[in-house]
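Just so you know, the sequence shown maps onto residues -2 to 108 in our numbering.
Here the structure is laid out as C-alpha cells; the discussion comes afterwards.
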Amino acid sequence: GNRRVRSAGELVENQYRLGLVRMERAIKERMSIQDIETLMPQDLINYKPVAAAIKEFFGSSQLSQFMDQTNPLSEVTHKRRLSALGPGGLTRERAGFEVRDVHPTHYGRVC
C-alpha cells in the first residue's frame, strides 16, 4: 500500500494536542471540585501537562534523535533520513525484506 511521510511538525502537533487534552481534563476536574465563583483563571490553568507531553516526545520518542553534527554532510544526511518504524509505523517483527528494500520509484520522490 501507499505510505505517508509524517513531518516533524505533524508529530509535534500530535504531542501538543495530547498535552492540551490532558490540560483540559485537569481543568474540568478542578472546576468540578472547587467553587467556580471564587476561581481565577490562573488557579485553573496549569501548563505542566503540555510541557510534559512535549518533553516526552523529544526526550523518549523513537522518532526524536540528536542531530549528527560531525560535519555539514552528516547534518544533511541526518535531516533527510526517514523511518518506517516507530509509533504508527512498522514493528521490527512485521518489517520483512520487501519492506526494507528501496523500490526504484522511491528515488526522486522522498528527496
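Note that the Cβ used here is the ideal one computed from N, Cα and C, for glycine as well.
### Query
Hey, F54 and Q12 are a contact pair by Cβ (cut 8 Å); roughly how many whole angstroms apart?
Numbered from its first residue, the sequence shown carries residue 54 at position 57. Numbered from its first residue, the sequence shown carries residue 12 at position 15. Confirmed, Cβ separation roughly 4 Å.
### Query
With a CB to CB cut of under 8 Å and the five nearest residues on each side skipped, what residues in its chain are close to V9?
Numbered from 1 along the sequence shown, position 12 holds the residue referred to as residue 9. Cβ within range, chain order: I51 and F54.
### Message
Could you tell me the alpha carbon to alpha carbon distance between Q31 and E21, rounded to whole angstroms?
### Response
As a first step, residue 31 must be located in the sequence shown, where it is residue number 34. As a first step, residue 21 must be located in the sequence shown, where it is residue number 24. Each residue's alpha carbon lies about 15 Å from the other.
### Query
Mapping DSSP to helix, strand and coil, what is S80?
Position 83 of the sequence shown, counted from the start, is the residue given in the question as residue 80. Residue state, collapsed to three classes: coil.
### Query
Along the chain, where does the alpha helix (DSSP H) that runs through N11 open and close?
Locating residue 11 in the sequence shown gives position 14, where the first residue counts as 1. It spans A5 to I30 - the alpha helix (DSSP H) in which N11 sits, taken as one unbroken run.
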